[in-house]
DNA sequence: AGCTATTTTAAACACGTGTTTGAATCCGGG
DNA sequence: CCCGGATTCAAACACGTGTTTAAAATAGCT
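Residue numbers (my numbering), protein chains in the order written: chain R, 1 to 208; chain Y, 209 to 416.
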């Protein structure tokens, strides 16, 4: 396995667990069993490494997600919000076959990216992968046309928050749930629980 | 104004903006115009300062919140979920008269506390202020008794995520909203938008 | 094999961090 | 007034950070 890959593999789990600022290059390189300088040699800087970690996942996810949402937009029948959000399920779970715990890791990274480092990652994602966002809002608009632009803006950000925040602490939550309710829970189970929640939230009656 | 207060005042806005790990004691003390060593003298350590910042808000918030939720539990009529979540409104907005931008700052701090520093703040809050959590779950249980313990666990955490995450990036979101929709938005407006969302989410049909 | 470009390595650099120290200063009560 | 505890202050400490350097090792090609 190449040094680059070893670094990316080690970095993504540490970043997901302890945040970008909370993870040092020395932790990453010793976990990856490579020299400290290798990060700057192969990636240039820590910031570029962060982008590379995210890109590896986004390049796997975004084509599948875009085409799933696209299919929804092209159908002649109006989709339900449940269908819109369910369109995320297959692409997200596919990350598990792309990498062990891929879904969970990616969602945790997404959560980190929103809060760490003053949202530079939000800028990175929206500028580098704009297609996902536009397709998504199109799909929601089609499912729930009564929602005006501003209401949709807020509800989609609430949804983003629900998903991202839940997933960024999903490991801890799953632990608690398994202890308290004595029941096997995995990331797919959490996602299936969250879909009705966000769908109902977006579909909430409009107050004006 | 006492040195202790000057430190707390400077620390809370920096913590809210850049996170706990992302804010250095030197930033805090120079903003507060006090000597660097004052933090360790008055609070002992940075960790204790974080706790002190949160406690100042929680001591203001928690009695009002508990009594509002308590009132809801004691009524003989079953409350709606909207009413349960609206119980948060007055206590939260009261923080604005306690301090400039108090509501926004506190919610941002809460968001930071969940993601920064591996959730030691979550431990701090749940152990130091358990009343809020138990009263809250009691109120929700009364409003929606069909929800079993496990489903409620997840939906309350989804709700927590929505609130906390939205608020931790509320400044950025409010900026975007004001530019894109040419409309004045404040933190109270965001809270009023989020209440129907989370109420609908918690009230979503149960899938078993 | 021999040469070149790529990669790895250990060491150092410059800086930022939280914390501690001990002297200087302030302030209230006898 | 003057003493003594509380507070402030500049300085230093010990350590961790991302990055850079230049030499050593490796790999690939003719």
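Quick reminder that beta carbons are idealized off the backbone N, C-alpha and C, glycines included.
Identification of chain R residues near residue 401 of chain Y by a Cβ-Cβ cut-off of 7 Å yields 154, ordered along the chain. Here residue 47 of chain R is not near residue 25 of chain R, since their CB atoms are 8 Å or more apart.
A Cβ-Cβ distance of about 7 Å is found for the pair residue 115 of chain R and residue 319 of chain Y, placing them in contact under the 8 Å criterion. With a beta-carbon spacing of about 49 Å, residue 80 of chain R and residue 38 of chain R fall beyond the 8 Å limit used to define contacts. Distance from the Cα of residue 191 of chain R is smallest, within the candidate group R/41, R/179, R/171, for R/171. Ranked by Cα distance from residue 404 of chain Y, the options Y/384, Y/381, Y/370 are led by Y/370. Sequence-distant Cβ neighbours of residue 151 of chain R in its own chain, meaning closer than 6 Å and more than five residues away, do not exist here.
Within the region 289 to 317 of chain Y, contact with chain R at the beta-carbon level (separation under 8 Å) is assigned to no residue.
With a threshold of 8 Å between beta carbons, residue 129 of chain R makes no contact with chain Y.
Below 8 Å, too few C-beta pairs join the region 94 to 102 of chain R and the region 21 to 35 of chain R to call them touching: fewer than three. Contact note: residue 21 of chain R reaches chain Y through 229, 230, using a C-beta cutoff of 7 Å and chain order. The C-beta of residue 178 of chain R has fewer than 16 other C-beta atoms within 10 Å across all chains shown, which makes the residue exposed. Here the C-alpha atom of residue 277 of chain Y lies approximately 10 Å from the C-alpha atom of residue 271 of chain Y. Using a Cβ-Cβ cut-off of 8 Å, residue 377 of chain Y counts as an interface residue toward chain R, since at least one Cβ of chain R sits closer than that to its own. When rounded, the separation of the alpha-carbon atoms in residue 395 of chain Y and residue 298 of chain Y is 13 Å.
By the neighbour-count definition (other C-beta atoms within 10 Å, threshold 16), residue 30 of chain R is an exposed residue. DSSP places residue 388 of chain Y in the helix class (H, G or I) of the three-state scheme. Per DSSP, the unbroken alpha helix (DSSP H) holding residue 27 of chain R starts and ends at 25 to 32.
Neighbours of residue 284 of chain Y across chain R, judged by C-beta separation under 9 Å, do not exist; the nearest C-beta is about 26 Å away. At a C-beta separation below 9 Å, residue 357 of chain Y has these neighbours in chain R: 180, 181.
Only residues of its own chain outside the window of five on either side were considered, and among them 195, 196, 199 have a CB closer than 8 Å to the CB of residue 82 of chain R, listed in chain order.
Non-local beta-carbon contacts of residue 227 of chain Y in its own chain, meaning distances under 6 Å to residues more than five positions away in sequence, involve 320, 324 in chain order.
It is roughly 42 Å from the alpha-carbon of residue 10 of chain R to the alpha-carbon of residue 75 of chain R. When Cβ-Cβ separations below 8 Å define contact, residue 126 of chain R makes no contact with chain Y. Residue burial is scored here from C-beta neighbours: residue 7 of chain R has at least 16 other C-beta atoms within 10 angstroms and is therefore classed as buried. DSSP, read as helix, strand or coil, puts residue 275 of chain Y in helix. Within the region 135 to 203 of chain R, the runs of alpha helix (DSSP H) that reach at least 4 residues and sit entirely inside it are, in chain order, 149 to 168, 170 to 181, 187 to 202. Residue 121 of chain R is positioned such that its CB atom lies closer than 8 Å to that of residue 54 of chain R. Considering only Y/383, Y/220, Y/363, the residue with the shortest C-alpha distance to residue 414 of chain Y is Y/363. Here DSSP, grouped into helix, strand and coil, assigns residue 314 of chain Y to helix.
Around residue 44 of chain R, no beta-carbon contact reaches into chain Y at under 9 Å, the shortest distance being about 22 Å. In the DSSP assignment, residue 86 of chain R falls within the unbroken alpha helix (DSSP H) covering 81 to 86.
When 8 Å is used as the limit between beta carbons, residue 411 of chain Y is near these residues of chain R: 200, in chain order. The Cβ atoms of residue 313 of chain Y and residue 220 of chain Y lie closer than 8 Å to each other. Annotation: residue 145 of chain R to residue 350 of chain Y spans about 34 Å, alpha carbon to alpha carbon. When the Cα atoms are used, residue 181 of chain R and residue 173 of chain R turn out to be separated by approximately 12 Å.
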